[in-house]
Structure formats: C-alpha cells, structure tokens
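Terminal number for the sequence shown in my numbering: 273, no gaps in between.
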Amino acid sequence: MKLATVRVNGVTRAVKVAHDGVIDLGTSDLGEFLAQPDWRHIAASAVEPSWSATTVVPATLIPRPSKVVCVGLNYRTHIAEMGHPLPDFPTLFAKFPDALIGAHESIVRPAETTRLDWEVELAVVIGDTVRRADPAAAEAAIAGFTVFNDVTCRDWQSRTSEWLQGKTWQSTTPVGPFLVTPDELSGGVRPKVDIQLRVNDEVMQSANTADLVFDPVELVTYISTIVTLHPGDIIATGTPAGVGHARNPGRYLDLDDEVVAEIHGVGRQRNHVVSDSATS
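Right, here's the structure in full:
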C-alpha cells in the first residue's frame, strides 16, 4: 500500500493512494491515522476513491511525530568520503517537527548559513508502539518507508561536536510524499532499493540502500532500547556518498536551486530552495 497526507480544499487528510485516485482514511493526517490500533485493516479495506490524484497535493507526511531520530554515518561510501571509520554503534541525533515540510514544498534557506547541504535518506515510519524490541518485534513495528532529505547547515553543524544546531532548522526537511508498506519493496523491512539525489538535474548522490551499515530492523531494535517508539515516529537511516560538504571545493545549495530526491519504489520529492523572506 501507499499512504499519504495530502492537502485538499484547504485542509489536510490521510489517504490511501489508488490507481484511480486517493481514498480518504478518515483522519486529518497520517500520524493521526497510524495511532489507530487497526490502521492496517482500515487501510486495506478502503476501496472507494474520494478525490482524483490531480486535485490533491502532498503535505508533510507526518506533521507532528513524537520524535524524529536521525542516523549519521550509516552508508559505507559516505563514511569513507567523510574520513571516518565504520562505527560500532549507530550515531544518533534528532530533528524537531518544525523542520519538516512536504515533498513538494520549498526548502527555506536560513539567512544565517552559507553552507546548506543535501542528504537524501530512506526513512522508517513506525506503525506500532514498541520498547526494547527484539528483531521480530522491530520488524512488526515498521509501518513502511518514505523519502527524507536531511538538509543540513554545515557551518552550524561544525560549530561544536554536537550536530543538532546544524540539523533542525525550521522548514528545511522534506519528508514524503508516500509511506510505502514493506511488502511493496525489494527486501521488505530491509529494503534494497536505489536512492538518488539531483540538484538542477545534476546527479549528486546515487547508491543502493544495501550499503547501509545498520539496517532498519537493527535501528528500530537499538533506538527502542533507549526510548519508546510510537506510531508516526520517523527514523531517518542516513545518507550515501555525494554530499556537498565532502566535495573539494565544497558545494552548497543556492537560492532557486531545484532538489530532486528519489528512492525507487518509494517516491520522489521535488523542492525549490527559497530565502527566509520568501516565506515571511
């Protein structure tokens, strides 16, 4: 199944994506929908299209997750380009919900940065409450996957040894357009799918999620040991090689750049970079 949060007639709705349109799932967004214990049955049973796909636009997939946990240094190629050894444990940091935007909304470049970077990622969306999960429980807790662009202010990230201040700027992080359930993907809960990012039609990142050091099941197991994961929570699994900051010289996003992040079978984002003043 493909699920989404869309904007229609001035409001947001959780929907199931069908061949001939989208089907209203009865809640205002996908986070609210996943909080229902029987969401899988409700979604599987929904068959009658409510709107044409041409009349809706993607909104932020999960507008207010209880947590967004991000994983750094999790692709072997990216670890190599950044000059780090392979980690023994996942490198974790967080984003706040205010950073999240929709798959076709504008990335707001803060006036305070000159080093805004791209990072396409496969993200896990949690579908069940889980704590201290074993691998079987971790697999069962995965609702599906989506596209995530961990846009980063590198100059702020490097101010200290902690990354948060470079990672969670408001309205910088596209997520969506779809939640795709594991049965739709090669590899299931451990997807092995192609991932790519382009800036102005130039390929910057191209890899396969098989290059992940810690796969989605391992990440759910590890993170749920620390804290309870709730339906709608997001785990961004890390980015492959090709980020702007690792290039010589470094390359960063400019105003009016078009950024296209795509994961085969999961979805495509298309975002333009705008200034703070454009959203004031």
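The beta-carbon is built from N, C-alpha and C at its ideal position, and this holds for glycine as well.
Contact between the stretch 199 to 217 and the stretch 99 to 108 is absent: fewer than three C-beta pairs spanning the two stretches fall below 8 Å. Shown here, V236 sits in coil according to DSSP, grouped into three states, outside any helix or strand.
Residues A7, L18, T20, W32 of the same chain have their beta carbon placed closer than 6 Å to that of F26, with the five preceding and five following residues left out of the count. Secondary structure at P51: strand, using DSSP grouped into helix, strand and coil. With fewer than 16 other CB atoms across the displayed protein chains lying within 10 angstroms of its CB, F82 is exposed.
Taking the Cβ atoms as the reference, V173 lies roughly 5 Å from G137, within the contact range of under 8 Å. Cβ-Cβ separation between P51 and G95: approximately 5 Å, consistent with a contact (criterion under 8 Å). Rounded to the nearest whole angstrom, the CA to CA distance from E112 to H34 is 34 Å.
The beta-carbon separation of A229 and F141, rounded to 5 Å, stays under the 8 Å limit for a contact. Counting C-beta atoms within 10 angstroms of its own C-beta, E155 has fewer than 16 neighbours from the protein chains shown and is therefore classed as exposed. Assignment of G260 by DSSP, reduced to helix, strand and coil, places it in the strand class.
When DSSP states are grouped into helix, strand and coil, T221 belongs to the coil group. The straight-line gap separating the alpha-carbon atoms of L157 and Q150 is approximately 7 Å.
Counting C-beta atoms within 10 angstroms of its own C-beta, D247 has fewer than 16 neighbours from the protein chains shown and is therefore classed as exposed.
When DSSP states are grouped into helix, strand and coil, S268 belongs to the strand group. Between G258 and E177, the gap from beta carbon to beta carbon is short of 9 Å. With contact defined as three or more Cβ pairs closer than 8 Å, the stretch 207 to 220 and the stretch 73 to 90 are in contact.
Counting every other CB atom within 10 Å of its CB across the protein chains shown gives P233 a total of 16 or more, marking it as buried. Cβ contact annotation for G181 (same chain, cutoff 7 Å, sequence separation greater than five): P175, in chain order. Taking the Cβ atoms as the reference, V62 lies roughly 5 Å from I216, within the contact range of under 8 Å.
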